[in-house]
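All remarks here apply to the structure that follows.
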Amino acid sequence: MEEGLIIGFDLCKDFCRISYFVSGQEEPSDLVFSEEDNPYVIQNSICKRKGEDVWLIGQEAYETALLGGGSIVDKLLRLVARQGFATFDGQKYSAEDLLFHFLERTLEFLFAEKKTRNVLGIMYSVQELNTTVLDAVIRCTKRLGIDRRKMHIISHTESFLYYVLSQKRELWSNISVLYDLSGDGLNYYELEVLRGMQPNVAKASRTFLEEGFSLEILDSAAGRKMADNIMTSCVDRMLKKKLISSAYLSGRGMDSCQKWGENFLRVLCQRRKVFFIENLFAKGAVYAACEYLRENSSYPFSIMCEGRIDVDISMEITQGNKQQTLALASVGNNWYETKEDFDIIPDQETAIRMKVKRLGERMPIMIEVPLDGFPKRPQKMTRVNVALSFESEKMFTVTVTDKGFGEFFPGTEQTVRKTFTIGDGV
Amino acid sequence: MGRYILCGKEADLPYEVDELDIRIYTIEELCYYIYNYLPLIGEDFIDERLLFFIRRELDLPEIADKIERFYGSRSEQDATLQMLLSDVGYYSDPELSEFQNRLVYRRRRSREERVKAKGDSLLRLGRYQSAVRCYKSLHEKGSDSRVSREFYVSVLESLASAYGHLCEFDYALDCLLGIYDLNHSERILKKAYDVCILSGTELPQSYFSRVPDQKLQKWQQDYWNRETVARQNLDSDETMQIFLQDPGTQKKELAEYLDKKKEACRGMLE
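From first to last, the protein sequence lines stand for chains A and B.
Okay, so the first sequence: first residue is -14 according to the numbering used here, each after it adds one.
Okay, so the second sequence: first residue is 39 according to the numbering used here, each after it adds one.
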């Protein structure tokens, strides 16, 4: 493989972590940002030094702001999601601009440490697949000069899946679980490989646990006792009847669990292999990035998890003289990355028809986007652009645009758009 | 049962069809042009320019190579066109059979008939200068023994029509009188009369002195009737519609219209 960096970027609401892989390494390494409390974490905050074009991030941003050296924006991703603005030195910056500077400065840590700027692949792992945020992240990364084909985005659930499946087989032969405790709450992840299907399905899911607690309660003895009780009852209730091959712990709340979770760890470790993994999502993202770079998959599974779709969408088309099925989306595809755009000429058809088949269902359902509103022209004299994209795992949109037929029948660029919800008759 | 034809790449640099003053951007448009404008397809249609367009602009090297091999070995343009249309799949089997029949019909015609057919197509498309060029190339062969007198007459009549559309009434009149010299047809003389009235030209006495006054009056009445109908139809004329647009659109469309006319005039001078 070419020399360069393969980056896993865990982009959470309030902080981020980076793991990376360079040629010759067997496992991903974690990037150290500072020698502070948790060296692997950097807060999603950015500060512009007063009167200078200097951007500071994380702890340095807070310190500069405290000393009056500039103003600060924290919880940056929340601002990006709101498409908000911030003003520094009397100049207005969009949240996306700030995100760009934040990503630039963050990656600069890595480039400086590894003395290379050659990025072979970058995989962002995010808690929530919010289209506004994802689009902004992609645009900013492109502005950094990284080719679009080298960047991808997955969910934390998928990062967990890739992380576990990259470990020894005995660790995922049955169910693998993860408790992630952070400032955003307590999330439970579960991975199971469903055998007997062709190919086997690796299915992962995430559950937000209402029992989650604020990390601040860990500051008091009573709080620590309560946290231990909560987690013990969670494990007891959730894992009792399951055959668990491995259990993982991650997040800022879990790095000190040996201090507050004596009972919890005792129950969890009964006949189970338990690991605390720093940067689990970032490491999983590195493994996923490596997978995207390979020509042949090293994971012989069909993947089902948050961020992946559970439908096949196709269209019957004619190419040359041959009748063919054009696959537009397949079970296991990442919804955010599933985008199709192609031109067709309907011949004796008044609508665009597609076949949608959900995983586990026998018969496909036909969906259609009518072309009634387009100008009437002789048969085969209308070329249309068909674009398919997903808004989430369960929702996709088909957009059809009239392109006419060259200069014989100029197009109107008229558009018909229809959104379909999977499971709602589809 | 309907179907969807998956389209290929759109060219950045189009293939220009001078006869139609149109640019072709896709393989489907190219097929459409071949299928619908067959009389305009000359014997030198398959050339380096076309192959470059298919290979590089449409990114279809397999088709370009196939044409090159097929045409290179047999030099049969018709069979190559048939193969191209069949490979692209834009036309159905019945449509391809119909195209095959038209190719056979075209092959049976003489070269002169094919040039005349091309001129007629151009005339129908309003490409009068190009039509004049086609007819003139045949007109110059007037004394050629291979061309029948009837055919020569039909070429002259079409040439007169093309000149008429270009408001070149002197040339149109010359053509019509030339035909009359050959066949003494009253129908042609009446057409020559119409041209004279329309252009305000004095009637050539050597031709019209023998026509009875009563007949001339009838022809004049007939001309007026047709002129009235033509004036009424002007309201729905495409050119007149330009003047019914709002000032902004009118200016833009008028500029486009004038550009087209200027281009046509330049074509005539070439």
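For every residue, glycine included, the Cβ atom is placed at its ideal position computed from N, Cα and C.
Based on the DSSP output, what are the partners of residue i in its beta bridges?
i: F261(A); result: L234(A)
i: Q76(A); result: F73(A)
i: M289(A); result: K188(A)
i: P395(A); result: G389(A)
i: S140(A); result: V111(A)
i: V369(A); result: I329(A) and D387(A)
i: Q28(A); result: F0(A)
i: F193(A); result: N172(A)
i: D15(A); result: S4(A)
i: M121(B); result: The partner list for M121(B) (beta bridge, DSSP) is empty, contrary to what the question assumes.
I'd like to know whether the C-beta atoms of residue i and residue j end up nearer to each other than 8 Å.
i: Y5(A); j: Y148(A); result: no
i: Y63(B); j: E48(B); result: yes
i: V186(A); j: L179(A); result: yes
i: Y173(B); j: E334(A); result: no
i: A270(A); j: G(-7)(A); result: yes
i: N29(A); j: L52(A); result: no
i: S167(A); j: G236(A); result: yes
i: I27(A); j: C1(A); result: yes
i: E301(A); j: A372(A); result: no
i: L44(B); j: F390(A); result: no
i: W257(B); j: Y231(B); result: yes
i: V58(A); j: A71(A); result: yes
i: Y25(A); j: N172(A); result: no
i: V162(A); j: I138(A); result: no
i: M239(A); j: I298(A); result: no
i: H222(B); j: L197(B); result: no
i: T386(A); j: T400(A); result: yes
i: L89(B); j: E106(B); result: yes
i: D15(A); j: F266(A); result: no
What are the start and end residues of the alpha helix (DSSP H) that includes residue i?
i: S135(B); result: D131 to R146
i: Q259(B); result: D251 to N271
i: C234(B); result: E224 to S237
i: C242(A); result: C242 to W245
i: C213(B); result: F207 to N221
i: I407(A); result: That residue, I407(A), is in no alpha helix (DSSP H); it is neither H nor E in DSSP.
i: Y245(B); result: Q243 to F246
i: Y42(B); result: Taken as a continuous stretch (DSSP letters only), Y42(B) belongs to no alpha helix (DSSP H), being part of the beta strand (DSSP E) at R41 to L44.
i: V153(B); result: R149 to R162
i: E45(A); result: G43 to L51
i: I84(B); result: Run containing I84(B): none; DSSP gives neither H nor E here.
Give me, in chain order, the residues of the same chain whose beta-carbon lies closer than 8 Å to that of residue i; leave out the 5 immediate sequence neighbours on both sides.
i: T239(B); result: F207, D208, L211 and V233
i: E276(A); result: Y147, S282, S283 and Y284
i: T142(A); result: Y174, A189, S190, R191, C290, E291 and G292
i: M380(A); result: T404, F405, T406 and I407
i: R154(A); result: none
Report the CB separation of residue i from residue j in whole angstroms; it is logged as a contact under 8 Å.
i: L123(B); j: Y73(B); result: 7 Å
i: K342(A); j: V383(A); result: Not really, about 16 Å apart at Cβ, beyond 8 Å.
i: I337(A); j: L313(A); result: 11 Å between Cβ atoms; not a contact.
i: I84(B); j: Q115(B); result: 6 Å
i: G127(B); j: G305(A); result: 5 Å
Below 6 Å CB to CB, which residues in the same chain sit around residue i once its five sequence neighbours on both sides are set aside?
i: L78(B); result: E57, K156 and S159
i: Y3(B); result: The requested residue 3(B) does not occur in the structure, where chain B is confined to residues 39 to 308.
i: F260(A); result: Y233
Going by beta carbon distance, what residues of the same chain come within less than 7 Å of residue i, once the five residues before and after it are set aside?
i: F281(B); result: Q288
i: G104(A); result: Going by the sequence as given, residue 104(A) is Val instead of Gly. Answer for V104(A): G(-11), L(-10), I(-8), I131 and K135, listed in chain order.
i: R34(A); result: L41, T49, G54 and G55
i: E308(B); result: At E308(B), the pLDDT of 48 sits below 50, so the modelled position is not reliable; the number obtained from the coordinates is stated separately. Same-chain partners within the cutoff: there are none.
i: L292(B); result: I280
i: G170(A); result: F193 and G197
i: L98(B); result: G46, I65 and I92
i: G396(A); result: D387, K388 and G389
Hey, could you find the ends of the beta strand (DSSP E) residue i is sitting in?
i: D326(A); result: K324 to D332
i: I302(A); result: V296 to Q304
i: T310(A); result: K307 to A314
i: F91(B); result: First-last for F91(B): undefined, no H or E at that position.
i: N172(A); result: G170 to L179
i: S161(A); result: I160 to S167
i: C(-3)(A); result: Per DSSP, C(-3)(A) belongs to no beta strand (DSSP E) and is neither H nor E.
i: V354(A); result: I350 to P355
i: V55(B); result: Y53 to V55
i: K342(A); result: A336 to R343
Interface positions of the segment 310 to 329 of chain A facing chain C (Cβ-Cβ less than 9 Å), listed along the chain
Note that chain C does not occur in the displayed structure, where the protein chains are A and B.
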